[in-house]
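Colleague: What follows is a single structure, and I will ask about it in a moment.
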Amino acid sequence: MAIIKRAEARAYLTPLVGFLLLFLGFPAVINLIYSVSTVDFQTLRSPTLSGFGNYVSVLADRDFWRATSFSLRFGILTAMIECLLGLFLAIFLAPLLSKRSALMAPLMLPLMVAPAMIGLMYRLVLHEFAGPVPYYLFMWFGDSPAFLDVSHALWTLIVVETLQWTPFAFLLFYMAYVAVPIDVREAAALDGASPIKTLWFVELPLMLPTLVIAFFIRFIDGFRVFDNVYALTGSGAGGSTTSLSIYIYQAFFKEGAIGKAVAASVVLFLTSLIVLYGLNWLAGRRRRGP
Amino acid sequence: MTLNRTTLSALAVLLASVALPGTSNATVTVLGWPGGSEETALRATVEEYNKTAGISDADKVELLFFNREGFFDKLQADMAAGSTAFDINLVATYSIGRYAPYMEPVDLGDGAAKTFGESVLKTMQFDGKQYGVPTDLSLHFMYYRKDLIDALMKDDAAKKKYAEIAKQYLGKELQPKDPDSWTWDDWAATALYFSKQVNPESPVRYGTVLQMKNLLFNMMVFQSLPRSYGGNWTDEEGNITVDSNAYKTGLELYKKLYDAGASPKDSLSYEYAETNAAFGSGQAATALQWNAAAADLTSAEKTPAVAEVTGIVAPPAGPDSRADHIHGLGLGLNKNAKNKDGAVKFLKWLATEDAALLYARKGGSPALTPDVVAKVAKERPDLVKLGEFASKYGYVMNGATSANALSVYELQAKEFTGYWSGQQNLDDALAHTKAGMQDLLKK
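Taken in sequence, the protein lines are chains A and B. Per the numbering used here, the first sequence runs over residues 496 to 785. Per the numbering used here, the second sequence runs over residues -18 to 424.
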């Protein structure tokens, strides 16, 4: 019986493993080879192994560290703001949504728009001569700030990202909030807990796993940002809005430095892997207790 | 069984017809520049070619288009992979060196020089060899508001104010001039005079619109300024000369205008579309912009605010010369073409006077010699100006058709915008650019 089960399991797993080997394993191996090779578009099929020079070149490149810094700041700030806003909206709107659940649909609309389209849309919305925002600012205050110059671009991009993705955090938090058992809330009320104390000591701890997951999903999305930033500011004046994804894209396609671009992507992959393993280890430790 | 065979045969025919479209009657495949007037003109021209007597079915042309977004990156990946999906591919002046390893030079015959002129043919040359037929030419026009300039020229008090502003910002007491005789200083003084931040009496908000986004195409717009001061990427020996006084002067002038508020605050995120919108709004007095914008900016339907009062001249002059960046789009031969003979036949035809005139009449923008362009001057007056500016002021920087030309523009865009935005000083920006160009152009 056990043998049959094992054979069945193999049969079921084979397509998945084949798929992973073909679509993830093969490119990963090619990437690793390119990352230690001298290669350009003319020598794609015959790269020359050249050691770890590409990694040294990436790690010594000030633009790589600048892009890493931008991605980290962007990822952390957007994840934090989206989660805080999403949490506030989930709790604030919960009584209304429990009676009018159809209101969820318009709140989710920003998620339906492709990020590149959002970037293009805000290029228009923020344009001094064509956009409604500068138009009204000029009308009311006689001036409008430079939304996309070096000193404002990061915050403009953060606001644009937040406006699009807060509904995602809100959706997760709302589902977690309404899933808190009613009897737990009633017990807290019977014990004389105020709404604030109930939220702080009862509801938020029960929502914590969702809060953590939402934060990391939004952080990962923010960290790897490409489309809306690229459409809105490109890599920014002097490279000021170059995210890591844009850095890799530019190194690959614009500079033709394929080895360097791939080495940067491998560094990014290994760093992500270490962070994920670290988080997994922490979560396991928490589950096991002290 | 018979039914099965019939079904299978029918299925095979169906699959073949889906997988191999058009192979039955057209075997020269041309990968063209999608969207816009180039596609329209090419479609109409190819239609005429396919009707020409003496063109066998095997040499008839079919067209292939994909998206403009990332076109050159996709093309590079395709050609590097040895694609045989097209026999003729699009090529641009600034990317010839990049694609030359995957292309074959073509001999267009003596007639080509008579049709296009040597300077235009040069936009499709790399290492002295002709890699394509120059189908469309791009350069820059200085767009200006005729009504504003005319009013300025007639008003003595305004002239006095103009001279004061020129003295204060440029250190020279200049007088307003006809735009066709502007130097860069005259243009700068005009831009400053028509900026509310400098001159609160200005009838428009800004004196000019500078395209300063970190984008390679914006560097092409900028280059004519240092070029007219004698600037070049390299000298004849191949030494990088981007740290010349010519570049310093040009970069400083842009920064001076931007910092003084002569161009919109968001100019560091402006490119073609934003510039059109700014000038078209009627709130800018001048704009150095691509010739392709002329149709929109002079159309009363598309740009009602300024269409009737928009004037067009070549970019201003510097002490060395008057210069206008030119680059061409063209069609060349894929090294892996399946039907090279048919492809060469089409390219040679495309370089003839008749084909070039047909292409022009169908909406393309070829730069033609004065004798040839005169034949379409009535239908396409804009081509007269295009041809005139290209032949008088057109230039290609040394190294601007090399394999890494696009990367050089990218590098300049990053470093120069870093200076304009105040993130680094001029000397550092030029030192970084020089070091990067030495690396890119030595390859």
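A virtual CB, placed ideally from N, CA and C, is assigned to each residue, including glycine.
Quick one: give me the first and last residue of the beta strand (DSSP E) that Arg481/B is part of.
Modeller: The first residue shown for chain B is -18 and the last is 424, placing residue 481/B beyond what the model contains.
Colleague: Going by beta carbon distance, what residues of the same chain come within less than 7 Å of Val679/A, once the five residues before and after it are set aside?
Modeller: As a position in the first sequence, residue 679/A is number 184, starting the count at 1. Closer than 7 Å at the Cβ level, and outside the excluded window around Val679/A, lie Val697.
Colleague: Just mark Met418/B as buried or exposed, buried being the case when its beta carbon has 16 or more other beta carbons within 10 Å.
Modeller: For the purposes of this step, residue 418/B is identified with residue 437 of the second sequence, where counting begins at 1. Counting Cβ neighbours within 10 Å, Met418/B comes out buried, since at least 16 surround it.
Colleague: Do Leu643/A and Thr728/A come within 7 Å of each other at the CB atom, strictly closer than that value?
Modeller: Taking the first sequence and counting its residues from 1, the one referred to as residue 728/A is at position 233. Taking the first sequence and counting its residues from 1, the one referred to as residue 643/A is at position 148. Yes, these two residues count as a Cβ contact at 7 Å.
Colleague: How would you label Thr33/B, buried or exposed, when you count the other beta carbons within 10 angstroms and need 16 or more for buried?
Modeller: Here the question's residue 33/B lines up with position 52 in the second sequence. Exposed.
Colleague: Using C-beta distances below 7 Å, list every residue in its chain close to Phe53/B, excluding the 5 sequence neighbours before and after it, in chain order.
Modeller: Reading the second sequence from its first residue, position 72 is the one you call residue 53/B. Taken in chain order, the residues that qualify are Ser76.
Colleague: Could you name the residues of the same chain whose beta carbon sits closer than 7 Å to that of Phe559/A, not counting the 5 residues immediately before and after it, in chain order?
Modeller: Here residue 559/A corresponds to residue number 64 of the first sequence, with the count starting at 1. Counting only Cβ-Cβ distances below 7 Å, and skipping sequence neighbours, we find Val553, Tyr742, Ala759.
Colleague: Between the Cα of Glu217/B and those of Thr26/B, Gln405/B, Ile36/B, Asn379/B, spot the shortest distance and give me the residue it belongs to.
Modeller: Within the second sequence, numbered from 1, the residue matching residue 217/B stands at position 236. Of the candidates Thr26/B, Gln405/B, Ile36/B, Asn379/B, Asn379/B places its Cα closest to the Cα of Glu217/B.
Colleague: Against chain A, with Cβ distances strictly below 7 Å, would Ala381/B count as a contact?
Modeller: Counting from one through the second sequence, the residue named residue 381/B turns up at place 400. No, no contact with chain A.
Colleague: Please report the straight-line C-alpha distance between Phe47/B and Trp14/B, rounded to a whole angstrom.
Modeller: What you label residue 47/B is simply residue 66 of the second sequence in a count that begins at 1. What you label residue 14/B is simply residue 33 of the second sequence in a count that begins at 1. If you take the alpha carbons of Phe47/B and Trp14/B, they lie about 8 Å apart.
Colleague: I want to know whether the segment 242 to 262 of chain B touches the segment 275 to 287 of chain B - three or more CB-CB distances under 8 Å.
Modeller: Enough Cβ pairs lie closer than 8 Å, so yes.
Colleague: What are the residues in the segment 246 to 273 of chain B lying within 7 Å of chain A by C-beta distance?
Modeller: Lys246, Asp247, Leu249, Ser250, Glu255, Ala258, Ala259, Ser262, Gln264
Colleague: Alpha carbon to alpha carbon, how far is Lys749/A from Ile586/A?
Modeller: On the first sequence, residue 749/A is found 254 positions in, with the first residue counted as 1. On the first sequence, residue 586/A is found 91 positions in, with the first residue counted as 1. Cα to Cα, Lys749/A sits roughly 47 Å from Ile586/A.
Colleague: Can you tell me where the beta strand (DSSP E) with Ala684/A in it begins and where it stops?
Modeller: The count along the first sequence starts at 1 and reaches residue 684/A at position 189. Looking at the DSSP string, Ala684/A is not in any beta strand (DSSP E); the run it does join, the alpha helix (DSSP H), is 677 to 685.
Colleague: Could one say the Cβ of Val202/B lies closer than 7 Å to chain A's Cβ atoms, at least one of them?
Modeller: Here residue 202/B is taken as the residue at index 221 of the second sequence, counted from 1. No - not a single Cβ of chain A is within 7 Å of the one on Val202/B.
Colleague: Which residues in the same chain as Glu427/B place their Cβ atom closer than 7 Å to its Cβ, once the five residues preceding and following it in sequence are excluded?
Modeller: Residue 427/B lies beyond the stretch modelled for chain B, which goes from -18 to 424, so this question has no answer here.
Colleague: Note the first and the last residue of the continuous alpha helix (DSSP H) segment covering Gln57/B.
Modeller: In the second sequence, residue 57/B corresponds to position 76, counting from 1. Looking at the DSSP string, the run of the alpha helix (DSSP H) that includes Gln57/B is 52 to 61.
Colleague: Taking only runs of the alpha helix (DSSP H) that begin and end inside the segment 609 to 647 of chain A, which ones reach a length of at least 4 residues, in chain order?
Modeller: 610 to 620, 627 to 636
Colleague: Suppose the cutoff is 6 Å on Cβ atoms and the five residues either side in sequence are ignored; what does the same chain contact list for Val389/B look like?
Modeller: By 1-based counting over the second sequence, the position of residue 389/B is 408. Excluding residues within five positions, the ones whose Cβ falls inside 6 Å are Met418, Leu421.
Colleague: For Pro510/A and chain B, any beta-carbon pair shorter than 7 Å?
Modeller: One-based indexing of the first sequence puts residue 510/A at position 15. It does not; no Cβ of chain B falls within 7 Å.
Colleague: Let me check understanding here. Comparing Cα to Cα, which of Ile715/A, Ala683/A, Leu621/A lies closest to Ser566/A?
Modeller: The residue you call residue 566/A lines up with position 71 of the first sequence. That would be Ile715/A, whose Cα lies nearest to the Cα of Ser566/A.
Colleague: If you count every other CB in all the chains shown that lies within 10 Å of the CB of Ser(-2)/B, and 16 or more means buried, which is it?
Modeller: Position 17 of the second sequence holds residue -2/B. Residue confidence is low: Ser(-2)/B scores 45 on pLDDT, short of 50, so the model does not pin down where it sits. No coordinate-derived value is stated.
Colleague: Residues of the segment 386 to 405 of chain B in Cβ contact with chain A at a cutoff of 8 Å, in chain order, please.
Modeller: Leu387, Ser388, Glu391, Lys395, Glu396, Thr398, Gly399, Tyr400, Trp401, Ser402, Gly403, Gln404, Gln405
Colleague: Give the residues of chain B in contact with Thr728/A, contact being defined as C-beta atoms less than 7 Å apart.
Modeller: As a first step, residue 728/A is located in the first sequence; it is residue number 233 there, counting from the start. Neighbours of Thr728/A on chain B, chain order: Ser250.
Colleague: What is the rounded straight-line gap between the Cα of Gln106/B and the Cα of Glu99/B?
Modeller: Here residue 106/B refers to the residue found at position 125 of the second sequence. Here residue 99/B refers to the residue found at position 118 of the second sequence. So the alpha carbons of these two residues sit roughly 10 Å apart.
Colleague: Name the DSSP beta bridge partners of Gln264/B, please?
Modeller: Working through the second sequence from its first residue, we reach residue 264/B at position 283. Its beta-bridge partners do not exist; DSSP assigns none.
Colleague: According to DSSP, is Lys343/B helix, strand or coil?
Modeller: Start at 1 with the first residue of the second sequence, and residue 343/B comes out as number 362. Reduced to three states, the DSSP call for Lys343/B is coil.
Colleague: Kindly list, in the order they appear in chain A, the residues whose Cβ is closer than 7 Å to that of Leu196/B.
Modeller: Taking the second sequence and counting its residues from 1, the one referred to as residue 196/B is at position 215. Those within 7 Å of Leu196/B in chain A are Gly729.
Colleague: Can you confirm whether Pro285/B, when its beta carbon is compared against all beta carbons of chain A, has any partner nearer than 7 Å?
Modeller: One-based indexing of the second sequence puts residue 285/B at position 304. False, the Cβ-Cβ gap to chain A never drops below 7 Å.
Colleague: Excluding the 5 residues flanking Ala756/A on each side, which residues of the same chain have their C-beta closer than 7 Å to its C-beta?
Modeller: Here residue 756/A refers to the residue found at position 261 of the first sequence. Answer for Ala756/A: Ile743, Ala746, Phe747, listed in chain order.
Colleague: Please classify Trp560/A: does DSSP put it in a helix, a strand, or coil?
Modeller: Residue 560/A sits at position 65 when you count from the first residue of the first sequence. Correct three-state label for Trp560/A: helix.
Colleague: Please list, in chain order, all residues of the same chain as Asp40/B whose beta carbon is under 8 Å from its beta carbon, the five residues on each side excluded.
Modeller: The sequence position of residue 40/B within the second sequence is 59, counting from 1. Within the same chain, Asp40/B has close Cβ partners Thr8, Val9, Asn320, Asp322, Gly323, Lys326, Phe327.
Colleague: Straight-line CA distance for Tyr187/B to Thr267/B?
Modeller: Position 206 of the second sequence, counted from the start, is the residue given in the question as residue 187/B. Position 286 of the second sequence, counted from the start, is the residue given in the question as residue 267/B. Spanning the two alpha carbons is a distance of roughly 8 Å.
Colleague: Using a Cβ-Cβ cut-off of 7 Å (strictly less than) and excluding sequence neighbours within five positions of Asn31/B, which residues of its own chain qualify?
Modeller: For the purposes of this step, residue 31/B is taken as the residue at position 50 of the second sequence. Excluding positions up to five away in sequence, the list reads Lys41, Val42.
Colleague: Check for me: the alpha helix (DSSP H) holding Asn526/A runs from which residue to which?
Modeller: Position 31 of the first sequence holds residue 526/A. Run containing Asn526/A: 521 to 530, per the alpha helix (DSSP H) assignment.
Colleague: At a CB-CB cut-off below 7 Å, which residues of chain A make contact with Asp54/B?
Modeller: On the second sequence, residue 54/B is found 73 positions in, with the first residue counted as 1. By Cβ distance, chain A contributes Phe748.
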